[in-house]
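2 protein chains.
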Amino acid sequence: MPKPTVHDIAQEAGVSLATVDRVLNERPGVRDRTIQRVRAAIDKLGYVRDTYAANLARQKAYTFVFVLPEGPSSFIDVVREAIEEASTSQMAERVTIRVLSVPQNDPHGVVRRLLTLNPGKIDGVAIMAPETPQVRDAVRRLKNAGLAVATLFSDLPVPVRDHYVGINSYSAGRTAALLMGRFLRGVHGSVMVVTGSLQARDSIERRHGFDEVMQRDFPDLTVLPTLEFHDDISRVDRLVGTVASQTRDLAGVYSMGAGNQALLAALRKTDRLNEMTVIAHELTAVTREGLLAGEVDAVIAQNVGHLVRSAVRVLRAKCDSVDIFAAQEKIRIDIVTRENLP
Amino acid sequence: MPKPTVHDIAQEAGVSLATVDRVLNERPGVRDRTIQRVRAAIDKLGYVRDTYAANLARQKAYTFVFVLPEGPSSFIDVVREAIEEASTSQMAERVTIRVLSVPQNDPHGVVRRLLTLNPGKIDGVAIMAPETPQVRDAVRRLKNAGLAVATLFSDLPVPVRDHYVGINSYSAGRTAALLMGRFLRGVHGSVMVVTGSLQARDSIERRHGFDEVMQRDFPDLTVLPTLEFHDDISRVDRLVGTVASQTRDLAGVYSMGAGNQALLAALRKTDRLNEMTVIAHELTAVTREGLLAGEVDAVIAQNVGHLVRSAVRVLRAKCDSVDIFAAQEKIRIDIVTRENLP
DNA sequence: ATTTAATTGAGGTACGCACCTCAGAAATCA
DNA sequence: TGATTTCTGAGGTGCGTACCTCAATTAAAT
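Note that the protein sequences, when read in sequence, are chains E and L. Quick note on full-length UniProt numbering: the first sequence kicks off at 1 and runs consecutively. Quick note on full-length UniProt numbering: the second sequence kicks off at 1 and runs consecutively.
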């Protein structure tokens with residue numbers, strides 16, 4: 001009944017401790033037949049390695065780097081904070097976390113910054129960066145150097161990363177559409193879609209999902225062409241203002257990315273914000289206030305704290321070449337309203 | 001910068017390892033002055049005890065018991081499954097989990113079953129049971145016996161438990177109301193509320209939150225008196241059928257608890273299910289299918305996997321008298337629709 | 001049959017901590 | 001002052017695992 005240990009395995013398999021150890025840690029020098037014997041004993045006794053004792057013995061300390069875009073953004077602030085928190089609470093588990101800021105909208109700058117990482121001194125990276133060929137190559141290099149690589153919030157092609165930590169953008173867009181359509185029951189009108197850029201893979205996917213559900217389920221609503229402000233917040237006011245004034249039946253606004261502060265400011269000027277249904281992404285100081293003020297009706301979010309912790313767990317699992325516990329690492333698409341605000 | 005150990009503390013305080021150990025484990029035989037010196041060294045170096053190494057040395061293994069209502073329920077099934085999962089994945093961390101089933105709607109039976117627990121052989125309990133004086137006393141007894149006590153899904157008074165793991169029922173009800181009202185924009189009609197019983201504290205709170213938001217924000221909708229089927233599913237059909245046929249303007253149905261299978265069956269008979277907005281609680285096989293079929297419009301849920309893992313962490317923290325990481329243990333109110341189904 | 005290579009066993013040290021013993025030092029009391 | 005009593009230090013052992021070395025055994029190749 002007590003938890004079996006390596007000793008029990010050794011006895012059961014009729015081999016020495018050293019051999020059990022070799023099998024467990026996949027060290028060479030064990031005949032196949034012997035490996036099978038040990039494996040059988042492990043199964044029979046239901047042995048599970050005590051990970052903490054193992055780490056204690058291994059004296060292994062993990063160093064992970066989170067790569068984040070620099071520049072002011074309420075969302076990045078939330079992410080930074082979550083990393084900070086995870087960092088202190090994970091200290092007890094021998095992982096240290098560093099943050100590396102990379103320039104926005106400057107793929108070459110990102111690459112330069114990534115090259116400053118010394119793959120010998122770190123064990124894994126979690127990267128939040130839009131996909132470009134340059135970034136792809138740089139990340140591939142990190143992975144080839146033996147690092148565990150996780151993508152955060154926005155994915156990169158499968159071969160260059162080990163795991164994606166974030167929500168499915170396509171489903172997120174579909175969810176936004178469902179809420180938009182439901183909240184605008186019986187309304188004939190137009191829906192404005194605003195984004196910083198339609199370059200990033202996740203933006204395209206969101207838009208895709210959004211359009212699909214809108215067209216299929218809510219034919220009374222017309223989705224206007226996407227307003228791209230190209231990450232230049234100063235353009236938001238003019239762009240939104242123009243469209244809003246030209247669209248008399250504007251009933252809904254779907255904000256696909258950042259820039260919600262400027263967007264809400266622009267919408268306020270129309271004096272019709274209160275009648276509009278506004279749906280945005282990510283729970284930040286801005287969207288939270290928007291919800292409380294009744295200006296924003298719903299926010300499609302991901303639990304950033306959970307996400308960061310998940311990234312750390314995933315990177316650790318990769319380093320230890322251990323399986324992850326999929327159910328725990330699945331990031332859900334949160335719908336946040338005024339009433340279920342965390 | 002490496003993590004300080006007991007050795008570092010001993011050196012810093014100018015005492016021996018044995019003394020540091022006596023202070024850390026509050027063993028007698030150390031002068032007050034010396035205790036202060038050691039404490040100061042601990043603070044100065046920022047020492048945090050490695051609980052895993054400590055538990056290893058102490059040969060400590062945790063045994064936790066989850067107390068669940070017996071009897072068939074798709075929700076309990078989900079909980080059981082989550083416990084199963086957590087159990088296997090936590091085995092590596094020296095915690096074993098047992099499940100104790102207690103009768104439903106029989107407070108004395110619950111108490112009898114709780115008395116079979118030997119407080120000396122277990123370290124903590126996570127309890128899912130409706131509040132009654134008998135249950136309260138039995139749980140208090142467990143807590144007084146030195147066990148860590150967490151309440152699951154439904155709370156008990158603060159003094160008899162250490163921690164509540166679950167969502168705020170009041171906010172959950174409010175959230176349901178918000179969705180109901182929003183999904184029924186422009187509709188004048190009635191909303192049916194169905195529950196197993198209004199006895200349980202969480203049912204009352206949900207109803208309360210639901211009513212509050214409905215009255216304040218959606219005056220066009222009339223909330224009908226709660227239909228209680230007193231945990232006897234066979235009554236659902238007749239109750240719901242009667243009300244549905246009498247209520248010509250029935251537009252929405254809010255299911256506050258279990259019994260969704262019977263409820264949906266009853267609603268199907270009215271042939272008006274497709275036009276109704278149905279909101280239910282908890283993501284189970286039944287509600288999931290309801291969402292996919294378009295019969296259920298939204299489900300207010302809690303992430304049961306997360307919740308169970310959280311309960312285990314909380315109980316462990318209590319046993320080690322260590323602080324919990326509040327942000328991680330906060331259970332969010334999930335809104336699940338067809339498009340963001342996990 | 002001999003050499004060579006591949007396996008395996010025995011044993012050690014270490015990780016950070018708990019808990020034990022026993023002797024010696026220091027403080028307290030008489 | 002001596003006789004207690006109270007502290008403290010030094011040292012050990014063990015928890016479950018990793019990882020190392022060296023010798024011994026076994027299998028494969030010549």
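The beta carbon of each residue, even a glycine, is placed where N, CA and C say it ideally should be.
Nearest to V135/L by alpha carbon, out of N303/L, L17/L and P107/L? Taking the second sequence and counting its residues from 1, one reaches residue 135/L at position 135. Here the closest residue by C-alpha is P107/L.
Determine, using beta carbons only, whether E295/L and L264/L come nearer to each other than 8 Å. Counting from 1 along the second sequence, the entry for residue 295/L is found at position 295. Counting from 1 along the second sequence, the entry for residue 264/L is found at position 264. Yes, the Cβ-Cβ distance between E295/L and L264/L is below 8 Å.
Proximal chain E residues relative to residue 343/L, where beta-carbon distance stays under 7 Å: A question about residue 343/L goes unanswered here, because the residues of chain L that appear run from 1 up to 342.
Can you tell me which residues form a DSSP beta bridge with S101/E? In the first sequence, the residue the question calls residue 101/E occupies position 101. In DSSP, S101/E forms a bridge with L68/E.
Can you name the residues of chain L whose CB is closer than 7 Å to the CB of K330/E? Start at 1 with the first residue of the first sequence, and residue 330/E comes out as number 330. By Cβ distance, chain L contributes P342.
With distances taken from CA atoms, which of I333/L, V102/L and V223/L is nearest I76/L? In the second sequence, residue 76/L corresponds to position 76, counting from 1. The shortest C-alpha separation from I76/L is found at V102/L.
Between which two residues does the beta strand (DSSP E) holding T151/L run? Here residue 151/L refers to the residue found at position 151 when the second sequence is read from its first residue. Where T151/L is concerned, the enclosing beta strand (DSSP E) stretches over A148 to L152.
Using beta carbons (cut-off 8 Å, strictly below), is N118/E in contact with chain L? Within the first sequence, the letter at position 118 stands for residue 118/E. Taking Cβ atoms only, chain L never reaches closer than 8 Å to N118/E, which makes this a no.
Taking Cβ positions only, does E295/E come closer than 8 Å to chain L? For the purposes of this step, residue 295/E is taken as residue 295 along the first sequence, with counting starting at 1. Closer than 8 Å: no.
Please report the residue range of the alpha helix (DSSP H) in which G181/L lies. Within the second sequence, numbered from 1, the residue matching residue 181/L stands at position 181. Per DSSP, G181/L belongs to the alpha helix (DSSP H) from S169 to F183.
To the nearest angstrom, how far is it from the Cα of V30/L to the Cα of A10/L? Here residue 30/L refers to the residue found at position 30 when the second sequence is read from its first residue. Here residue 10/L refers to the residue found at position 10 when the second sequence is read from its first residue. Roughly 14 Å separates the two Cα atoms.
Taking C-beta pairs closer than 9 Å, name the residues in chain E that residue 344/L reaches, listed in chain order. There is no way to answer for residue 344/L, as the model of chain L reaches only from 1 to 342.
Three-pair Cβ contact test at 8 Å for the stretch 332-341 of chain L versus the stretch 171-189 of chain L: yes
Measure the Cβ-Cβ separation of A138/L and V308/L and say whether it is below 8 Å. Numbered from 1 along the second sequence, position 138 holds the residue referred to as residue 138/L. Numbered from 1 along the second sequence, position 308 holds the residue referred to as residue 308/L. No. Outside cutoff.
Have a look at the DSSP bridge pairing and note the partners of S255/L. Residue numbering aside, residue 255/L sits at position 255 when the second sequence is read from its first letter. Per DSSP, V194/L.
Between R288/L and chain E, is any beta-carbon pair separated by less than 8 Å? Numbered from 1 along the second sequence, position 288 holds the residue referred to as residue 288/L. Closer than 8 Å: no.
Measure from the C-beta of Y52/L to each C-beta in chain E and report whether the shortest distance is under 8 Å. What you label residue 52/L is simply residue 52 of the second sequence in a count that begins at 1. Cβ-Cβ to chain E under 8 Å: yes for Y52/L.
Check the Cβ of I333/E against every Cβ in chain L and list those closer than 7 Å, keeping chain order. Position 333 of the first sequence, counted from the first residue, corresponds to residue 333/E. N340, listed in chain order.
Could you tell me the distance, in whole angstroms, from the CA atom of T242/E to the CA atom of A200/E? Working through the first sequence from its first residue, we reach residue 242/E at position 242. Working through the first sequence from its first residue, we reach residue 200/E at position 200. Cα-Cα distance, rounded: 25 Å.
Buried or exposed (CB count within 10 angstroms, at least 16 for buried), R272/L: In the second sequence, counting from the first residue as 1, residue 272/L sits at position 272. That one is exposed.
Opening and closing residue of the beta strand (DSSP E) in which V236/E lies: Residue mapping note: residue 236/E aligns to position 236 of the first sequence, counting from 1. Looking at the DSSP string, V236/E is not in any beta strand (DSSP E); the run it does join, the alpha helix (DSSP H), is S234 to Q246.
Can you check which of these residues, N303/E, A258/E and V312/E, is closest to P342/E by C-alpha distance? Here residue 342/E is taken as the residue at index 342 of the first sequence, counted from 1. Per the Cα distances, N303/E.
For the stretch 196-215 of chain E, which residues have a beta carbon sitting closer than 9 Å to at least one beta carbon of chain L? G209 and V213
Looking at the unbroken beta strand (DSSP E) that takes in Y164/L, where does it start and where does it end? Residue 164/L sits at position 164 when you count from the first residue of the second sequence. H163 to V165 is the extent of the beta strand (DSSP E) around Y164/L.
Taking the straight line between their C-alpha atoms, what separation do you get for M180/L and L267/E? Translated into the one-based positions of the second sequence, residue 180/L becomes position 180. Translated into the one-based positions of the first sequence, residue 267/E becomes position 267. Whole-angstrom Cα-Cα distance: 26 Å.
Whole-angstrom distance between A327/L and V213/L, CA atom to CA atom: By 1-based counting over the second sequence, the position of residue 213/L is 213. By 1-based counting over the second sequence, the position of residue 327/L is 327. Going from the Cα of V213/L to the Cα of A327/L covers about 27 Å.
Please classify Y47/L: does DSSP put it in a helix, a strand, or coil? Indexing the second sequence from 1 puts residue 47/L at position 47. Residue state, collapsed to three classes: coil.
Could you check the C-alpha separation between Y164/L and G109/E for me, to the nearest Å? Within the second sequence, numbered from 1, the residue matching residue 164/L stands at position 164. Within the first sequence, numbered from 1, the residue matching residue 109/E stands at position 109. Approximately 48 Å, taken between the alpha carbons.
Excluding the 5 residues flanking V286/L on each side, which residues of the same chain have their C-beta closer than 8 Å to its C-beta? Translated into positions along the second sequence, residue 286/L becomes position 286. Closer than 8 Å at the Cβ level, and outside the excluded window around V286/L, lie S74, N260, Q261 and L264.
How is the beta strand (DSSP E) around G124/E delimited, first residue to last? In the first sequence, residue 124/E corresponds to position 124, counting from 1. That run of the beta strand (DSSP E) goes G124 to I127.
Give me the subset of the stretch 297-314 of chain E whose CB atoms are less than 9 Å from a CB atom of chain L, sorted by chain position. D297, A298, I300, N303, G305, H306 and R309
Of the residues K269/E, S255/E, R316/E and F325/E, which one's Cα is nearest the Cα of A298/E? Looking up residue 298/E in the first sequence gives position 298. Of the listed residues, the one whose Cα sits closest to A298/E is S255/E.
Taking the Cβ atom as the reference point for each residue, do G290/L and R185/E lie within a distance shorter than 8 Å? Start at 1 with the first residue of the second sequence, and residue 290/L comes out as number 290. Start at 1 with the first residue of the first sequence, and residue 185/E comes out as number 185. Not a contact, by the Cβ cut-off of 8 Å.
Against chain L, with Cβ distances strictly below 8 Å, would T132/E count as a contact? For the purposes of this step, residue 132/E is taken as residue 132 along the first sequence, with counting starting at 1. Not closer than 8 Å to any Cβ of chain L, the Cβ of T132/E fails to qualify, so no.
8 Å is my cut-off, CB to CB: does S171/E come that close to chain L? In the first sequence, residue 171/E corresponds to position 171, counting from 1. Interface residue, yes.
Measure from the alpha carbon of T226/E to the alpha carbon of each residue in V236/E, P219/E, D323/E and F218/E, then state which is nearest. Here residue 226/E refers to the residue found at position 226 when the first sequence is read from its first residue. Checking every option, the nearest Cα to that of T226/E belongs to V236/E.
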